[in-house]
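Q: Protein chains in written order, with my numbering: chain L, 3 to 208; chain Z, 3 to 208; chain D, 3 to 208; chain H, 3 to 208.
Glycine included, each C-beta is placed from N, C-alpha and C at the ideal position.
All of these numbers come straight from a predicted model, not from anything done at the bench.
I have a structure here, written as structure tokens, and I will follow up with some questions on it.
There are 4 protein chains.
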Amino acid sequence: MSETPRSLPAKTRRKQLIKATIKCIAKNGLSGTTMADVTKLAGLSLGIVNLHFETKEKLLVETLRFITDEYRNGLDKIFFNENLSTEEKIRAHVAFDFSRAIADRNKLAVWFAFWGETKSRPTYHSICADYIDEIAQNLTQLFSILKNEQNYQSVDPELVCTCYTALSDGLWLALLLTPKSFKADDAKTIAMHYLKTQFPNNFTMT
Amino acid sequence: MSETPRSLPAKTRRKQLIKATIKCIAKNGLSGTTMADVTKLAGLSLGIVNLHFETKEKLLVETLRFITDEYRNGLDKIFFNENLSTEEKIRAHVAFDFSRAIADRNKLAVWFAFWGETKSRPTYHSICADYIDEIAQNLTQLFSILKNEQNYQSVDPELVCTCYTALSDGLWLALLLTPKSFKADDAKTIAMHYLKTQFPNNFTMT
Amino acid sequence: MSETPRSLPAKTRRKQLIKATIKCIAKNGLSGTTMADVTKLAGLSLGIVNLHFETKEKLLVETLRFITDEYRNGLDKIFFNENLSTEEKIRAHVAFDFSRAIADRNKLAVWFAFWGETKSRPTYHSICADYIDEIAQNLTQLFSILKNEQNYQSVDPELVCTCYTALSDGLWLALLLTPKSFKADDAKTIAMHYLKTQFPNNFTMT
Amino acid sequence: MSETPRSLPAKTRRKQLIKATIKCIAKNGLSGTTMADVTKLAGLSLGIVNLHFETKEKLLVETLRFITDEYRNGLDKIFFNENLSTEEKIRAHVAFDFSRAIADRNKLAVWFAFWGETKSRPTYHSICADYIDEIAQNLTQLFSILKNEQNYQSVDPELVCTCYTALSDGLWLALLLTPKSFKADDAKTIAMHYLKTQFPNNFTMT
DNA sequence: AATGAATGAGAATTCATTCAT
DNA sequence: AATGAATGAATTCTCATTCAT
């Protein structure tokens, strides 16, 4: 194992601790995650969390914010990419949803761990509510543009967005619960299958 | 409120405690649920959990099993109801998924609380895996029969089952996360919308 | 050692813990007093403080209140005793100030431990301010009555009260700091010596 | 505020830290005084205490010694001042006891903070015992000289010294506990009032 | 069957001290 | 001489479990 330098920029340390926290939550659950576990996994001392995050709760919040930002930023890059057509953007969105970085079982476990506590923790809820809204607006807009571009009469962009979002959440759950029999590619196939029912002239090949 | 008798059949006490546990998990999250909270909410003494469930862990497992059984039994009643047509069975399935009893926010919070810990707790996982499989088989069969009855050529019953299941899981999450703007009826509409894309000649009216 | 019963009335347990706390503060200082020390000295388990006092801070406050109440109640019994003359009441007051129960080195250490933190802890301050005022009023009244009864022209009862109070506080400090060379009886002699200067016709014999 | 030079004579740094310690103890109590607080208040780095005092304990001891020396040196200057008469020396002593420099609430808080820990800390005790003795000897001698000079028959110089010392300690406590209603001038008045009872021909005017 | 005071292992947090820069 | 990130022992607090009544 390579020696970590004794002193590092605060940002690096925070990221190091957040990554260890993700692994820990995936391994032990939110309730089973102790500061001792996290710091040991990070190869650091017990007191360091307090130094960089003050409390365990704040570390958890920052961890949720980290995966939230990662997801949002990834989607924003697609949404604001001027080189992609609308269809390509939607395809890229789906591909991103079930990519290595996002549909990673550790991160999925973290998502669901926080969602499971959302009702009782206003802070978790507000962090989630925040990004859900923004992404839904962008995706609805994409469906709306595609509808107009390609003259799909009966499509309801908002409904399709809600349906697609729920579907991808449910597919993530399936990836988390039945990792043996259900893979990211299966999930992507199903997501595309739904989009094809709405936009039959698009989304035809893989 | 009427006085609880000091001595009651064990089964009644167990149900009483499980119901208190559901409320507690919804209110405080899985990690924030203590035996003191549960027993106080049930109006019983601290020691009673040990008497009826031995450990907290076993109470939690029984709680998960309780909502799991409730869901499975409800669906079984529909599936084995000889008075219903296949379409009616599927309609009833959807109606049940978003009924008062099932799409109750307390129970949804419990589902997601356990799912969030699933990766780290083999027991929770095996309880979930168990019922998921059985229900998927039944639902796939219904789609398969409908396909043959009504001559839907291109429908893949297994894929539709997986897609519907993921969709309803995702809709439950939406009900949990955004209860203000998204109601059970909205969820049901979206679920039916998906089924209509697969079986356009069925599921036409509300 | 006699076995303590496993379960006791809450009041008894609280007193038991407060007494152990007094000993601990005297032995280790306020900052050196740990819950582990207190509970070990009381022959009880670590968790019991939380059960009866919630936090360490509350145990400390109750401890201060305990010695405060003991002092105030003792003086009240003297002040409201109808069988004593005014001079007898003042004599009893002095005797009480330097009695076994009050001029006990453990308790003195506790008094000064709290006084030393008074400036930084509003709660400690308010508990002290409370009783100081009440006692000063009563003592001033005694001096006032004695002045009138015995026709002492130049005595200022309020000033004598403040002076006596400061003197007895200082004598307590001497008892705490130089226990070898300075005893309760010496302190009492000095206190009486001061009173004799103000009321030469009273307070003549021991 | 002017920049502190990065490198300064050790003595200056030590005094700087001791002054910050006094403020900190007054503000947060002895138990609430951390190295982080002290060094921040001094505008210096956390590691500097170790450099100049080795341990926190040694810094505290030096702080106690600092206020102790300040008090003792002030009194020595009076005692060995050949230009003052005995009465003037005693008057100066009282004036010093309740001067700005000594009856400062920060320093009083420090005195009582240490006295509160004296019973459990032999080091603190020996520092205190040391100066108490020396001052008592000097003051007794002054009273003794005054007695002989002015022919006070019944005065017991040692008793008067003990009484005055206790009184001034108690007055300091009053200044600490009830700063609003009790000021240094009030304390001085009471101290002089006591001395007048012993030496009625002296100490007549302010 | 039921109670709830007591227990004590386990977890978060604090903070004096260290040490590479 | 000075810095401040990092350490980890010590302490408080939590809470599932026990057990005498």
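1) At a CB-CB cut-off below 8 Å, which residues of chain L make contact with C130/Z?
2) Tell me the residue span of the alpha helix (DSSP H) that contains R102/H.
3) State yes or no: is the C-beta of A97/H nearer than 6 Å to some heavy atom of the ligand ATP?
4) Taking all protein chains shown into account, decide if Q139/D is buried (16 or more other Cβ within 10 angstroms of its Cβ) or exposed.
5) Using CA atoms only, rank isn't needed, just tell me which of E119/Z, G118/Z, R74/Z, Q143/Z is closest to Y133/Z.
6) What does D39/D reach in chain H if we use C-beta pairs closer than 7 Å?
7) With a threshold of 7 Å between beta carbons, is L66/H in contact with chain D?
8) Which bits of chain L does C163/Z rub up against, with CB to CB less than 8 Å?
9) Any C-beta of chain Z sitting closer than 7 Å to the C-beta of S33/L?
10) Answer yes if the stretch 85-96 of chain Z comes into contact with the stretch 195-206 of chain Z, meaning at least three C-beta pairs across the two stretches below 8 Å, and no otherwise.
11) Within a Cβ cutoff of 7 Å, which residues of the same chain sit near E151/Z, ignoring the five residues on either side of it in sequence?
12) N30/H touches chain D at which residues, Cβ-Cβ below 8 Å?
13) Thinking C-alpha only, which one of R123/L, G172/L, K109/L is nearest K21/L?
14) At least one CB of chain H closer than 7 Å to the CB of M3/D: is that the case?
15) Flag this pair as yes or no: are the beta carbons of A186/H and F100/H separated by less than 7 Å?
16) If you draw a straight line from the C-alpha of T142/L to the C-alpha of P159/L, how long is it?
17) Could you tell me whether the Cβ atoms of T65/L and T23/L are closer together than 7 Å?
18) Would you report the Cα separation of L19/H and F55/H, rounded to the nearest angstrom?
19) On the three-state DSSP scale, how would you describe G118/H?
20) For F55/L, does the three-state DSSP call read helix, strand or coil?
21) Quick check on Y154/H: does DSSP put it in helix, strand or coil?
22) Strictly below 9 Å CB to CB, what residues from chain L border Y196/Z?
23) Hey, could you find the ends of the alpha helix (DSSP H) L175/L is sitting in?
24) With H, G and I counted as helix, E and B as strand and the rest as coil, what does DSSP make of L77/D?
25) Taking the alpha carbon of T180/D as the reference point, which residue from N30/H, T14/H, H127/H has its own alpha carbon closest?
26) Between the stretch 41-64 of chain L and chain Z, which residues of the former have a C-beta closer than 7 Å to a C-beta of the latter?
27) Do L77/H and I137/H have their CB atoms nearer than 7 Å?
28) Establish whether the CB of E119/H and some CB of chain D are separated by less than 7 Å.
29) Under a CB-based cut-off of 7 Å, is G172/H close to chain D?
30) Using a Cβ cut-off of 7 Å (strictly closer), state whether F98/L contacts chain Z.
31) Helix, strand or coil for N140/L, going by three-state DSSP, please let me know.
32) Looking at N121/Z: is its Cβ nearer than 7 Å to the Cβ of A168/L?
33) With 7 Å set as the bound, which would you pick, yes or no: does the beta-carbon of I92/D sit closer than that to a beta-carbon of chain H?
34) I need the DSSP call for E84/H, collapsed to helix, strand or coil.
35) For a test of the three-state rule: what should DSSP assign to K182/Z, helix, strand or coil?
A: Let me spell this out:
1) Think of a sphere of 8 Å around the beta carbon of C130/Z: the chain L residues whose beta carbon falls inside it are L179, in chain order.
2) Here R102/H belongs to no alpha helix (DSSP H), and DSSP marks it neither H nor E.
3) Ligands are entirely absent from the displayed structure, and the ligand ATP is therefore not among its contents.
4) Exposed is the call here.
5) Closest by alpha carbon: R74/Z.
6) For D39/D, there are no C-beta contacts with chain H under 7 Å, since the nearest C-beta of that chain is about 11 Å from it.
7) So, not an interface residue.
8) Ordered by position in chain L, no residue passes the 8 Å Cβ test against C163/Z, which lies about 10 Å from the chain.
9) The Cβ of S33/L sits closer than 7 Å to at least one Cβ of chain Z.
10) A contact between stretches requires three or more CB pairs, one per stretch, nearer than 8 Å, and the stretch 195-206 of chain Z meets this requirement with the stretch 85-96 of chain Z.
11) Excluding positions up to five away in sequence, the list reads T88.
12) S122, listed in chain order.
13) Of R123/L, G172/L, K109/L, the residue nearest in Cα terms is K109/L.
14) At M3/D, the pLDDT of 36 sits below 50, so the modelled position is not reliable and the matter cannot be decided from this model.
15) A186/H places its beta carbon less than 7 Å from that of F100/H.
16) So the alpha carbons of these two residues sit roughly 6 Å apart.
17) Yes, the pair counts as a contact, with Cβ atoms nearer than the cut-off.
18) Computed Cα separation, rounded: 10 Å.
19) Note: G118/H maps to helix in three-state DSSP.
20) DSSP places F55/L within a helical segment (H, G or I) once states are collapsed to three.
21) Correct three-state label for Y154/H: coil.
22) Residues of chain L with a Cβ closer than 9 Å to the Cβ of Y196/Z are, in chain order, C165, L169, Y196, T199.
23) 159-179 is the extent of the alpha helix (DSSP H) around L175/L.
24) Under the three-state reduction of DSSP, L77/D is assigned to helix.
25) With distances taken between Cα atoms, T180/D lies closest to H127/H.
26) Result list empty, no residue passes.
27) It is a contact, given that the beta carbons lie within the stated cut-off.
28) Taking Cβ atoms only, chain D reaches closer than 7 Å to E119/H, which makes this a yes.
29) Yes - at least one Cβ of chain D is within 7 Å of the one on G172/H.
30) Taking Cβ atoms only, chain Z never reaches closer than 7 Å to F98/L, which makes this a no.
31) In the three-state scheme derived from DSSP, where H, G and I count as helix and E and B as strand, N140/L is classed as helix.
32) At residue 121/Z the sequence reads Lys, which differs from the Asn that was named. Going by beta carbons, K121/Z and A168/L fall outside the 7 Å limit.
33) Chain H contact via Cβ: absent.
34) E84/H falls in the coil class under three-state DSSP.
35) The three-state reading of DSSP puts K182/Z in coil, since its state is none of H, G, I, E or B.
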